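Below is one structure, written out as structure tokens, with a few remarks after it.
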Amino acid sequence: MEAIMTRSVQEGEQEKTCTEIVSQVLSKSSTFLRNVGLQQPVAAVKTISPQMQEIQAQLEAEKEESAGLRHKLQRLEDQALESEAKAKKQDEEIEILKKATADTHKLIRQMISFGQSQVTHQTTP
Numbered sequence: 003m004e005a006i007m008t009r010s011v012q013e014g015e016q017e018k019t020c021t022e023i024v025s026q027v028l029s030k031s032s033t034f035l036r037n038v039g040l041q042q043p044v045a046a047v048k049t050i051s052p053q054m055q056e057i058q059a060q061l062e063a064e065k066e067e068s069a070g071l072r073h074k075l076q077r078l079e080d081q082a083l084e085s086e087a088k089a090k091k092q093d094e095e096i097e098i099l100k101k102a103t104a105d106t107h108k109l110i111r112q113m114i115s116f117g118q119s120q121v122t123h124q125t126t127p
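To convert, count from 1 in the sequence shown and add 2; that's our numbering.
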């Protein structure tokens, strides 16, 4: 490595980086570069067994089912929040109506009371 580093750069040739020199010196079968993250691992051609394919298919199916259930849960949570908001609004409206009804009853009682007092004043000479 030192010999390559100290070698003079010829005209038209770029100076090699330390990484390039190490890559050149180490053999292709060496795992050093892969272990330090400077070289991508060689893709090994492997056949996947039928059992492994079945397990992968099951995993994918479970992932899809899980995503569907999460979506359904989110939709139900949104509906629950919406229902709670509607119920709260209805409770507020009911309280307003109760107050209005009480006010109306009070007004009717006052009118009846006033009407009765008018009748008693007119009948007494």
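We treat Cβ as the ideally placed atom computed from N, Cα and C, and that holds for glycine.
No experiment lies behind these values; they were computed from the predicted model shown.
- Straight-line measurement puts the Cα of Ile96 at about 10 angstroms from the Cα of Thr103.
- The DSSP-derived three-state label of Glu97 is helix.
- For Ser119, the secondary structure class from DSSP, reduced to helix, strand or coil, is helix.
- In this model, Leu61 and Pro52 are separated by some 14 angstroms (Cα to Cα).
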